[in-house]
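Notes for the one structure printed next.
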Amino acid sequence: MFKFAQLTALALTAVFAVAVKSQTSPSCTRNYSVRLGDYCDLISAQQNVSTYQLATVNAGIINADCSNLFLREVLCLGLEGQDCDQVSVVQEGDSCWAIATAASITVDTLLDNNPNVATDCSNIYPGEVLCVAPASTSN
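Just remember that our numbering sits 711 ahead of the position in the sequence shown, which is counted from 1.
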């Protein structure tokens, strides 16, 4: 009887934890199934999601260098209320100013949208996908 009560308490605790998590965590609004030959920047460019957002919403799934994707793995592309789908793929020679100007946003907005980018823009690279949404629609 004691084991049954322990198992019941454990099950109720697990159900409560899942219910609380689902109420406090935003849900995924877009998904993508990994295909042969995919890598993070390619997925980001093809699916209109910034490289940063793809990595952030899949933290714990995708490793830092994106070398652990597997065929048919389902990735989240954006979270409810936090999904930037207006993007720009960095080209050789691009600067933050050029990217922001082409998107009709300020450099400050570009940096706010992409917290992984250094303020001097020294760490962007060709193929990286950046969020270029206007300030009012980028979360």
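C-beta: ideal position from N, C-alpha, C; glycine also. Computed from a predicted model, the values in this text were never measured in an experiment.
Ends of the alpha helix (DSSP H) at residue i?
| i | result |
| --- | --- |
| V818 | 818–824 |
| Q757 | 751–758 |
| T812 | 807–813 |
Which of the three DSSP states is assigned to residue i in this structure?
| i | result |
| --- | --- |
| V768 | helix |
| I835 | coil |
| C787 | strand |
| L782 | coil |
| C842 | strand |
| L721 | Low local confidence applies: a pLDDT of 38 at L721 is under 50, so the model's placement there is unreliable, and no value is given. |
Which two residues bound the contiguous beta strand (DSSP E) that contains residue i?
| i | result |
| --- | --- |
| T740 | 739–744 |
| S799 | 798–800 |
So is residue i buried or exposed if we call it buried at 16+ other beta carbons inside 10 Å?
| i | result |
| --- | --- |
| V785 | exposed |
| Y763 | buried |
| E803 | exposed |
| G771 | exposed |
| L788 | buried |
| N742 | exposed |
| D794 | buried |
| T812 | exposed |
| A829 | exposed |
| E839 | buried |
| N769 | buried |
| L747 | exposed |
State the CB to CB distance for the pair residue i and residue j, rounded to an integer number of angstroms; the pair is presumed to be in contact (CB under 8 Å).
| i | j | result |
| --- | --- | --- |
| L841 | S799 | 5 Å |
| E791 | S744 | Actually they do not touch by this definition, with Cβ atoms about 20 Å apart. |
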